[in-house]
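A.B. asks: If you're matching positions, the sequence shown starts at 981 in my numbering and goes up one per residue.
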Amino acid sequence: MQMKSEKNKNKIKCLALIGFMATGKSTIGPLLARELEYDYLDTDAMVEADMGRSVTDIFAQMGEDTFRDAEHEALKKALSMENTVLSTGGGIILFKRNRQLLMEKAFVVSLSAQPETIYGRVKDDHTRPLLRCEDPLLRIRQMLAERQKYYDVCDLKISTETWTAEEICQKIKKAFYLK
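1. Ends of the alpha helix (DSSP H) at G1071?
2. Can you list, in chain order, the residues of its chain with a C-beta nearer than 8 Å to that of L1011? Leave out the 5 residues immediately preceding and following it.
3. What span of residues does the alpha helix (DSSP H) with V1133 cover, start to end?
4. Is the beta carbon of T1140 less than 8 Å from the beta carbon of A1093?
5. Looking at C-alpha atoms only, which residue of T1023, T1142, L1091 and L995 is the closest neighbour of R1127?
6. For the candidate residues G1069, A1155 and F1000, whose alpha-carbon lies nearest to that of A1050?
7. Shortest alpha-carbon distance to L1055 belongs to which of D1037, A1025 and I1038?
8. Nearest to D1132 by alpha carbon, out of D1104, I1120 and L997?
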């Protein structure tokens, strides 16, 4: 676990989970929200509700650009709320506008896992459009390498490799209250 926070967090009322796919955002987010007695939102679920179709369908039928625009709107909406834990899609950090919003309006926690662990978690999940390729593990390694510098822009970094979801929630909660 690594923490780096220099910004004024006194008025921050939103906690955002970022990280690559299958690092635990959708598992830890709801648990953490219950623990903090906060609302829980997921940007992918918000996009799906707004567009009336799955992320996979949006990618396939409308393209990644359409999804990323809808994702940005969902992020803006979610970050305008208070007392909220927000799970974000793994690629939300690819865009400077999203990184700026997150760092300005939320306590940002970056969850991480090793490529092999991620692959083990998603190998049978056919709803991951970016992993529909010949060598998904290689693709995961490449994508992680490209994105790591963005996942590192956060207030707290924590690996989901060795602790249980409950232990991770306790570590995040402690860091959030110390902000």
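Beta carbons: idealized from backbone N, C-alpha and C, even for Gly. Quick caveat, the model's predicted, so the values are computed rather than measured.
C.D. replies: In short:
1. Looking at the DSSP string, G1071 is not in any alpha helix (DSSP H), and its letter there is neither H nor E.
2. Excluding residues within five positions, the ones whose Cβ falls inside 8 Å are A1145, E1146 and C1149.
3. Secondary structure note for V1133: it is in no alpha helix (DSSP H), with a DSSP letter that is neither H nor E.
4. yes
5. L1091
6. G1069
7. Here the closest residue by C-alpha is A1025.
8. Here the closest residue by C-alpha is L997.
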